[in-house]
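S.K.:
Protein chains: 2
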Amino acid sequence: MTAASEALSPARTPALERLTCVIPAGGVGSRLWPLSRANAPKFLLDLTGSGDSLLRATWDRLSPVTPAERVMVVTGNAHRASVTEQLPELLAQNLITESEPKDSSAAIGLAAAILETRDPDAIIGSFAADHVIRGDVLFQRAVSTAVQAADQGYIATIGIHPSHPATGFGYIACGSARGDLAPFDVYEVTEFVEKPDEATATDYLLRGSYLWNAGMFIAKATVLLDQMALAEPELVRSLREIADAWDTDRGAQVRERLWPALPKIAIDYTVAEPAAAAGKMVCVAAHFDWDDVGDFASVANLLTRGRSSDLAVLGDGAQVLSDASSGIVVSESDRLVALVGMEDVVVVDTADVLLVTSKSRAQDVKNLVNRMRLTGGGHLL
Amino acid sequence: MTAASEALSPARTPALERLTCVIPAGGVGSRLWPLSRANAPKFLLDLTGSGDSLLRATWDRLSPVTPAERVMVVTGNAHRASVTEQLPELLAQNLITESEPKDSSAAIGLAAAILETRDPDAIIGSFAADHVIRGDVLFQRAVSTAVQAADQGYIATIGIHPSHPATGFGYIACGSARGDLAPFDVYEVTEFVEKPDEATATDYLLRGSYLWNAGMFIAKATVLLDQMALAEPELVRSLREIADAWDTDRGAQVRERLWPALPKIAIDYTVAEPAAAAGKMVCVAAHFDWDDVGDFASVANLLTRGRSSDLAVLGDGAQVLSDASSGIVVSESDRLVALVGMEDVVVVDTADVLLVTSKSRAQDVKNLVNRMRLTGGGHLL
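Chain order of the listed sequences is Y and G.
Its first residue numbered 1, the first sequence is counted upward by one per residue in full-length UniProt numbering.
Its first residue numbered 1, the second sequence is counted upward by one per residue in full-length UniProt numbering.
(1) I want to see whether chain G comes within less than 7 Å of Y:V337, judged by CB atoms only; does it?
(2) What does G:N94 touch in chain Y if you count any residue whose Cβ is under 7 Å from its own?
(3) Identify the residues that DSSP records as bridge partners of Y:T157: which are they?
(4) What residues from chain Y crowd round G:S238, counting only those whose CB sits closer than 7 Å?
(5) 7 Å is my cut-off, CB to CB: does Y:G341 come that close to chain G?
(6) Quick one: is Y:D344 near chain G, going by C-beta distance under 7 Å?
(7) Determine, using beta-carbon pairs with one atom in the segment 31-46 of chain G and one in the segment 364-374 of chain G, whether at least three such pairs fall under 8 Å.
(8) Let me see if you follow: with CB-CB separation under 7 Å, is Y:G376 close to chain G or not?
(9) If you compare alpha carbons, which of G:A214, G:D121, G:L55, G:L339 is closest to G:F139?
(10) Hey, could you find the ends of the alpha helix (DSSP H) Y:W246 is sitting in?
(11) Check whether the segment 257-272 of chain Y and the segment 211-231 of chain Y touch, using three or more Cβ-Cβ pairs below 8 Å as the test.
(12) Beta-carbon within less than 7 Å of G:T97's beta-carbon, same chain only, minus the 5 sequence neighbours each way: which residues are those?
(13) Under the three-state reduction of DSSP, which class applies to G:E89: helix, strand or coil?
(14) Could you tell me the boundaries of the beta strand (DSSP E) in which Y:A252 lies?
(15) Can you name the start and end residues of the alpha helix (DSSP H) that G:I114 belongs to?
(16) For Y:S176, tell me which candidate among Y:H164, Y:V356, Y:P88, Y:V186 has the shortest Cα-Cα distance.
(17) Three Cβ pairs or more, each shorter than 8 Å: is that satisfied between the segment 201-219 of chain Y and the segment 267-287 of chain Y?
(18) Based on Cα-Cα distance, which residue from Y:D180, Y:G341, Y:P263 lies nearest to Y:S322?
(19) What residues of chain Y sit near G:R361, judged by a beta carbon separation below 9 Å?
(20) By the criterion of Cβ-Cβ separation under 7 Å, what are the contact partners of Y:L355 in chain G?
(21) Pick out whichever of Y:D352, Y:Y210, Y:M281 has its Cα sitting closest to the Cα of G:L336.
(22) Quickly, what does DSSP pair Y:R134 with across the bridge? List them, please.
(23) In its own chain, which residues sit with a C-beta less than 6 Å from the C-beta of Y:A106, not counting the 5 before and 5 after it?
(24) Hey, is Y:D349's beta-carbon within less than 7 Å of any beta-carbon in chain G?
(25) Under 8 Å Cβ to Cβ from Y:D60, same chain only, skipping five residues before and after it: list those, please.
(26) Just reading off the alpha helix (DSSP H) that Y:D60 is part of, what are its end residues?
(27) List the endpoints of the continuous beta strand (DSSP E) containing G:L339.
(28) Nearest to G:R307 by alpha carbon, out of G:G315, G:A297, G:E85?
(29) Would you check if the distance between the CB atom of Y:P233 and the CB atom of Y:L205 is smaller than 7 Å?
(30) Y:L314: which of Y:N301, Y:V330, Y:S326, Y:T350 sits nearest, CA to CA?
(31) Do the segment 243-253 of chain G and the segment 123-142 of chain G touch if we need at least three Cβ pairs shorter than 8 Å?
(32) How many angstroms separate the CA atom of Y:S63 from the CA atom of Y:I123?
(33) Kindly identify the DSSP beta-bridge partner or partners of G:Q319.
(34) Counting only Cβ-Cβ distances shorter than 8 Å, please list the residues of the segment 364-375 of chain G near chain B, keeping chain order.
(35) Applying a beta-carbon distance threshold of less than 7 Å, which residues of chain G neighbour Y:S308?
(36) Please list, in chain order, all residues of the same chain as G:M1 whose beta carbon is under 8 Å from its beta carbon, the five residues on each side excluded.
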């Protein structure tokens with residue numbers, strides 16, 4: 001009888017073993033220029049002084065969750081060599097390269113579509129290549145919980161309990177606890193909200209039900225794509241067509257034909273927000289330390305663990321002499337960097353560019369980069 | 001009768017033709033580190049963007065006053081080659097090199113003693129090698145007036161009418177006009193006063209009788225030395241002994257024997273202050289622009305002509321991209337220097353050292369240099 005039941009209704013593979021983690025490795029991180037460049041994007045940088053690139057650290061964080069054969073990377077053609085150098089364990093079939101960047105819906109959607117062809121029950125988890133997380137066990141537990149919810153047909157995200165009223169992150173508004181999905185830490189998502197102002201961020205912190213949106217999505221590949229298809233049916237049709245041919249001889253040809261016409265749109269708009277509005281989105285509330293290290297002020301805070309009177313130093317051969325100075329020095333040279341009386345300064349010393357700004361103006365580096373793009377400084381970007 | 005009178009009392013050479021200008025070229029200018037170094041002292045730098053070193057500019061300023069054969073330079077052995085390269089017109093007999101620095105009394109005193117042996121009526125004018133002056137005609141007129149006073153046996157200095165309540169300069173307190181020496185602009189010197197605080201400097205500016213001390217001294221060589229001998233008889237005896245042998249075969253030998261034992265003392269203490277106290281000092285009040293460009297804030301003010309919201313750039317190949325920044329960038333590289341939101345910043349970009357400070361802390365660069373001297377950074381000084 002037992003044997004017969006098993007034959008009739010074979011035991012499904014446990015959800016965690018159907019999880020494939022996808023690491024979208026795109027984006028230069030122009031607020032981190034001149035450290036980040038077109039050929040040295042943020043995910044290839046070591047911003048923690050650990051010796052590892054953010055991409056490598058992301059891989060290592062996922063290793064206890066899924067074995068190497070279930071980790072995919074989506075990146076630009078230009079970064080193929082760097083990525084495989086960083087991740088020698090990455091299987092060739094799990095490296096998706098884009099001929100041109102098409103934003104996160106296409107990147108994550110193509111990974112989902114490929115997984116769907118390989119296993120109709122596949123679960124996809126998407127984790128950015130260029131964030132910093134401390135607290136791996138808490139991270140693993142959150143992923144595991146999210147996967148259980150995904151297995152029930154929900155699209156799950158992982159939200160981070162805020163440690164301070166950050167104005168640089170989006171937030172997830174959480175509603176009722178979903179004890180039916182997991183004993184604790186799972187909530188319905190009321191809505192996603194954009195970066196708030198200071199007062200709103202403080203209010204969010206006090207209310208406790210607003211979590212940082214770390215851009216992590218976990219869902220069955222089919223559920224994710226079907227949700228995306230409601231917003232962008234053409235896009236999903238193309239992605240599934242590319243995926244169907246992916247593991248065949250026609251793969252490259254189909255992709256080359258369809259990819260250039262795909263719309264550039266963030267997955268927040270095609271999946272996260274509509275799913276939340278439809279009650280199909282849940283959030284796992286997590287307590288690990290997370291940062292998207294979006295600018296040099298973030299890097300400084302990360303390295304000094306928030307002690308703003310400290311001077312952070314990043315760079316193997318960095319030599320710094322400081323008199324009453326705080327902030328951050330990033331050095332790619334062996335020159336001496338001497339600081340006198342500079343508070344909250346940001347100094348980035350590279351072979352061909354020197355940047356000097358302040359932590360409070362670190363976001364505006366992006367404006368300078370945009371200006372250079374328009375005025376012929378592109379070779380330095 | 002006329003011919004006989006001439007024979008009996010030969011017409012003295014006009015005073016200006018008995019003037020020899022001495023340029024003491026010493027001092028590293030450590031507040032201008034890392035631009036200034038032991039092997040690139042301040043007087044060899046171009047701090048105005050003119051293409052000329054301060055030493056060369058000093059020479060050119062003196063050319064209309066005295067021909068090349070009446071300009072002497074006193075410098076360290078180490079700078080002999082650099083000085084002769086900068087000043088190809090300098091006669092070998094007018095270059096005095098010091099085996100070790102002995103401060104201004106010995107440097108200017110030796111020049112005076114040598115001049116005295118060559119011409120008992122010689123007049124010496126001492127002008128720093130590393131100051132910036134704009135208004136050459138006003139300068140020439142002031143020197144000419146000072147020489148007339150010197151010819152009457154006075155020690156003359158040239159004081160600069162302050163343009164602002166500077167706290168970084170010493171001042172000359174002027175008393176009664178000395179119409180007997182020149183129709184205008186000559187005053188007795190009541191005293192020399194040290195760098196004042198802000199309130200005192202403002203008071204000086206309002207009173208009008210306090211002039212900036214630019215460290216210029218004009219006197220008969222014999223008068224200068226006799227005055228110095230009252231304070232430092234041993235020093236002057238040694239200087240005259242060195243000078244007596246100077247133009248002979250024994251010159252090097254006598255100097256090597258006596259020079260190391262000479263006291264290090266500024267001419268302010270051996271000549272200027274005692275002469276003022278004794279009523280032997282007069283001041284020519286001048287209106288030319290003068291600056292001792294002692295730190296990077298001064299360099300910035302000089303280059304922007306005081307417009308503090310401007311960003312000054314110094315350096316042949318300097319490439320600067322500024323977003324809402326002011327202060328100064330000094331570049332010895334062809335790297336791009338990018339500034340975002342830095343007010344009153346000082347960035348000095350050299351091959352082996354990068355300095356970042358602010359105009360308000362520019363004076364404190366000296367402290368950093370002193371610290372490096374003690375802690376093994378001497379090779380960068």
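C-beta: ideal position from N, C-alpha, C; glycine also.
M.R.: The relevant details are as follows:
(1) It does; some Cβ of chain G falls within 7 Å.
(2) Neighbours of G:N94 on chain Y: none; closest Cβ ~38 Å, over 7 Å.
(3) DSSP lists Y:F217, Y:C283 as partners of Y:T157.
(4) What G:S238 touches in chain Y: nothing, since even the nearest Cβ is about 41 Å away.
(5) Contacts with chain G at 7 Å (Cβ-Cβ) include Y:G341.
(6) Taking Cβ atoms only, chain G never reaches closer than 7 Å to Y:D344, which makes this a no.
(7) Three or more beta-carbon pairs drawn from the segment 31-46 of chain G and the segment 364-374 of chain G are found closer than 8 Å, and the two stretches are therefore classed as touching.
(8) Residue-level contact check: Y:G376 does not touch chain G, since none of the beta carbons of chain G fall below 7 Å from its beta carbon.
(9) Distances from the CA of G:F139 to each of G:A214, G:D121, G:L55, G:L339 were compared; the closest alpha carbon is that of G:A214.
(10) It spans 233-246 - the alpha helix (DSSP H) in which Y:W246 sits, taken as one unbroken run.
(11) These segments touch.
(12) These residues qualify, in order along the chain: T75, G76, N77, R80.
(13) Look at G:E89 here: in three-state DSSP terms it is coil, with no helix or strand label.
(14) Unbroken run through Y:A252 is the alpha helix (DSSP H), 251-258; no beta strand (DSSP E).
(15) According to the DSSP assignment, G:I114 belongs to the alpha helix (DSSP H) that extends over 103-118.
(16) It is Y:V186.
(17) With the rule of 3 Cβ pairs closer than 8 Å, the segment 201-219 of chain Y counts as touching the segment 267-287 of chain Y.
(18) Of Y:D180, Y:G341, Y:P263, the residue nearest in Cα terms is Y:G341.
(19) Near G:R361 (Cβ distances below 9 Å), the residues of chain Y are D323, A324, V340, G341, M342.
(20) Within 7 Å Cβ-Cβ: A338.
(21) Checked all of Y:D352, Y:Y210, Y:M281; the closest Cα to G:L336 is Y:D352.
(22) According to DSSP, Y:R134 bridges with Y:D289.
(23) Its chain contains L262 as the residues whose beta carbon lies nearer than 6 Å to that of Y:A106, once the 5 sequence neighbours on both sides are disregarded; these appear in chain order.
(24) Cβ-Cβ to chain G under 7 Å: yes for Y:D349.
(25) The beta carbon of Y:D60 lies closer than 8 Å to those of D52 in the same chain, with the five residues before and after it left out.
(26) Residues 54-62.
(27) Here the beta strand (DSSP E) through G:L339 covers 336-340.
(28) Looking at the Cα atoms, G:A297 is the closest of the given residues.
(29) No. Outside cutoff.
(30) Of the candidates Y:N301, Y:V330, Y:S326, Y:T350, Y:V330 places its Cα closest to the Cα of Y:L314.
(31) Flag = no, the segment 243-253 of chain G and the segment 123-142 of chain G do not touch.
(32) Using only the alpha carbons, I get a separation of about 16 Å.
(33) Paired residues: G:L336.
(34) In the structure shown, chain B cannot be found, because the protein chains are Y and G.
(35) Chain G residues near Y:S308: none, gap ~17 Å exceeds 7 Å.
(36) In this prediction, G:M1 has a pLDDT of 39, which is less than 50 and means its spatial position is unreliable; what the coordinates show is noted afterwards. Nothing meets the Cβ criterion.
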